[in-house]
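Peer 1: In our numbering, each residue's number is its place in the sequence shown (first place is 1) plus 37.
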Amino acid sequence: MRRREFIGALGAAAAWPLAARAQQRSVPVIGVLISPDNTVQPQSLPAFLEGLKETGFIDGQNVTIEYRWAEGRTDRLPALAADLVRRRVDVIAAFANVGALAARAATSTIPIVFSIGGDPVALGLVASLSRPGGNLTGASFLTTETTVKLTEMLHELVPDAAIAALLNPASPTGETQTRELQQAARSIGVKIDVLTAANEHDIDAAFATLVERRARALIILGDPLFNNHLKQLAALTLRHGIAAIYQTRFFPDAGGLMSYGGSVTDAGRIAGLYAGRILKGEKPPDLPVQQVTKVALVINLKTAKALGLTIPPPLLGRADEVIE
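See below:
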């Protein structure tokens, strides 16, 4: 059979278009969908490239990666995902819940690997962890599951401070986050004042409310909106003397006080491994979603000093990393 006839037969017979497209161009193409702008390099992205490399694929050598940055505007993600579909990439790698949801809505045929926080089954991304079904698989790291513990840590640091929480009401995990907050409040016997922010201007307004209510401790619940404005959040907490904790280590890296949550690095690496395996012929339904259970406490001592806080020795001793 001649090569052209073979390609035509393969494309007609296969449910997954990957093999036919790979034959039609010199190297496969991965489309990467990311919410922040390209000045923000989340740790999950280098980890993704490392995982991809472990399967034998290196960008610019035997695979091409096309990046689509939402530049902090999650409303742009559906159009960016649709653009990757029109580009007929071989695999889409989606970071964060909103990115994965946008990719899923854009295509039911192109394989999608995700690196997200939260429960992919509850988000409707996969049918189950062991049998994903459809065209999606990937890895998830702990976020909402850590809410109780990070609340306890914040209370341990500033036991007499009024505690508030900041969440995005548009978050697909908003209901789960609210339930976890209520459980956290019960576990330490305090009231948690919940504030919301759906955009950059809402963040400033929320901090004005915090100052008005004299809250001195803040839980920032994981969301792409807050990932995109971590420097703003860190600066506001310092300006107003608020001890704050976030669910990913991006926050202390940006100058925030503390973070406690799952490993975005491990999840990103797994997504890279899966992307490589799919390029080699495996299919998303045959790759179980992996849950990263590793968690880490990161403390920025420089920020603690600026806030006039002394980290209790037991809490400092539990830190996986200290930024000085």
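Where a beta carbon is used, it is the ideal one built from N, C-alpha and C, also for glycine.
Everything numeric in this text was worked out from a predicted model, so none of it was measured.
Any idea if Q214 is buried or exposed, counting beta-carbon neighbours within 10 angstroms, 16 or more meaning buried?
Peer 2: Here residue 214 refers to the residue found at position 177 when the sequence shown is read from its first residue. Buried, because 16 or more other Cβ atoms sit within 10 Å of the Cβ of Q214.
Peer 1: Checking the sheet assignment: what are the DSSP bridge partners for T233?
Peer 2: For this step, residue 233 is matched to residue 196 along the sequence shown. Bridge partners of T233: L204.
Peer 1: Based on DSSP bridge pairs, tell me the residues matched to T174.
Peer 2: Taking the first residue of the sequence shown as position 1, residue 174 is located at position 137. Answer is V150, bridged to T174.
Peer 1: Just the Cα atoms here: how many angstroms apart are L316 and L262?
Peer 2: For this step, residue 316 is matched to residue 279 along the sequence shown. For this step, residue 262 is matched to residue 225 along the sequence shown. Answer to the nearest angstrom: the Cα atoms are 32 Å apart.
Peer 1: Does V69 come out as helix, strand or coil in the three-state DSSP assignment?
Peer 2: Sequence index remark: in the sequence shown, residue 69 carries index 32 (1-based). Three-state result, V69: strand.
Peer 1: Is it a yes or a no for the segment 291-303 touching the segment 101-115, going by three-plus beta-carbon pairs under 8 Å?
Peer 2: In short, these stretches do not touch, since the Cβ pair count stays below three.
Peer 1: Go through its chain and collect everything with a Cβ distance to A84's Cβ below 6 Å, but skip five positions before and after it.
Peer 2: Looking up residue 84 in the sequence shown gives position 47. Excluding positions up to five away in sequence, the list reads T302, G305 and R306.
Peer 1: Could you give the residue range of the beta strand (DSSP E) that holds S296?
Peer 2: Reading the sequence shown from its first residue, position 259 is the one you call residue 296. Per DSSP, S296 belongs to the beta strand (DSSP E) from M295 to G299.
Peer 1: Does the Cβ-Cβ distance between E358 and L338 come in under 7 Å?
Peer 2: Locating residue 358 in the sequence shown gives position 321, counting from the first residue. Locating residue 338 in the sequence shown gives position 301, counting from the first residue. Result no, Cβ atoms of E358 and L338 do not sit closer than 7 Å.
Peer 1: With DSSP as the reference, label D127 as helix, strand or coil.
Peer 2: Translated into the one-based positions of the sequence shown, residue 127 becomes position 90. Three-state result, D127: coil.
Peer 1: Can you grab the Cα-Cα spacing for the pair H266 / E237, in whole Å?
Peer 2: Here residue 266 corresponds to residue number 229 of the sequence shown, with the count starting at 1. Here residue 237 corresponds to residue number 200 of the sequence shown, with the count starting at 1. Those two C-alpha atoms are separated by around 7 Å.
Peer 1: Exposed or buried, T330, counting other C-beta atoms within 10 Å across all chains shown (16 or more means buried)?
Peer 2: What you label residue 330 is simply residue 293 of the sequence shown in a count that begins at 1. Flag for T330 reads exposed.
Peer 1: Over the uninterrupted alpha helix (DSSP H) stretch that includes I214, give me the two end residues.
Peer 2: On the sequence shown, position 177 is the one that residue 214 refers to. Rather than Ile, the amino acid found at residue 214 in this sequence is Gln. G211 to I225 is the extent of the alpha helix (DSSP H) around Q214.
Peer 1: With distances taken from CA atoms, which of K90, A164 and D156 is nearest A176?
Peer 2: Position 139 of the sequence shown, counting from 1, holds the residue named residue 176. Of the candidates K90, A164 and D156, the one whose C-alpha sits nearest the C-alpha of A176 is D156.
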